[in-house]
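Just so you know, we're using my numbering here: the sequence shown kicks off at 25 and counts up by one. Virtual Cβ for every residue (Gly too), placed ideally from N, Cα, C. Reviewing the structure listed below.
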Amino acid sequence: PLDLYRALRTVNPSPYMYFLQLGEIAVVGASPELLVQVQDRSIDYHPIAGTRRRGSTDTEDQAMETELRDDPKERAEHVMLVDLGRNDVGRVAQAGTVKVTQLLDVERYSHVMHLVSHVTGQLRNDLRPVDALRACFPAGTVTGAPKIRAMQILAELEPDRRGPYAGAVGYFSHDGNLDTCITIRTILLKDGTAHVQAGAGIVADSEPEAEYEETLNKAGALLRALDVAERFAEERSQHAAVDR
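Right, here's the structure in full:
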């Protein structure tokens, strides 16, 4: 598992990197997406929705960004999820403090680029950071909207339980702050098998082929990291044989 974490840091460095050994299960991830953060009672929520693969050249990369920004389906889906995020933050924020401070920005990672927005608010004086987590979990970007009905549909359609995937990893600090990310771009290791999960958002005008391609693009960095981790292990074995 540690080789895989090292490989993932190399292949897909992300804002949230984690390696959790939980008994016989290991969770290794490189998540780009903040779920909810509370810092000095200020709430931050950063929904990511809308994806394109990275281009092989600077020109192609810029073309992919333009295509992503101009795609009406991607923009509509993203704005819907920003509204859901505003609603979730608004459940625990002081009246009049919920704001969208960034809208439809593009962030780049090793294999994909995403549309991302920032929602902020001030936590109510009678609530704690854990209440902000309760209000925002699970993230609307991995459930859809309306959230409860979307989760019911997912439970009917998805053949396997998600497990850690699309949940949250993070911490509560002694000074009353909170920082969590969504467990996407995450590998679950159990019984010698690596499990990789990736998804895409489905709306009325989605094209199945494009959504399937999106899942492959998202999983690409994880599959590449598995290859690199195997190479790390092989090189270590070779060095050990030479030392003997």
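Beta-bridge pairing of residue i - partner residues as DSSP gives them
i    : result
G114 : DSSP lists no partner for G114.
C205 : L58 and V193
D68  : Q61 and T144
R132 : M137
F43  : V52
H198 : Partner(s): none; H198 has no beta bridge.
A218 : L213
Beta-carbon proximity list for residue i, same chain, < 8 Å, skipping 5 on both sides
i    : result
Y236 : A224
Beta-carbon contacts of residue i that lie in its chain and below 7 Å, excluding the five residues immediately before and after
i    : result
D203 : Q61, G194 and Y195
R77  : M88, H135, V136 and N241
M104 : A169
Secondary structure of residue i, DSSP reduced to three states
i    : result
L105 : helix
I22  : Residue 22 is absent from the structure shown; the chain starts at 25 and stops at 268.
G244 : helix
I177 : helix
G225 : coil
L151 : coil
R78  : coil
V124 : strand
A163 : coil
A119 : coil
Beta-carbon spacing of residue i, residue j below 9 Å
i    : j    : result
I208 : G79  : no
V140 : T125 : no
G200 : P71  : no
R148 : Q118 : yes
I206 : L59  : yes
V35  : R248 : yes
A156 : V116 : yes
A73  : E98  : yes
I49  : K214 : yes
Contacting residues, own chain, Cβ-Cβ under 6 Å from residue i (five flanking each side not counted)
i    : result
A253 : D27, L28 and A31
T75  : V136, H138 and E238
D112 : A159 and C160
Open item on the list: Measuring CB atoms only, is the segment 174-192 touching the segment 147-165, in the sense that at least three cross pairs come out at less than 8 Å?
Closed with: Contact between the segment 174-192 and the segment 147-165 is present, because at least three Cβ pairs lie under 8 Å.
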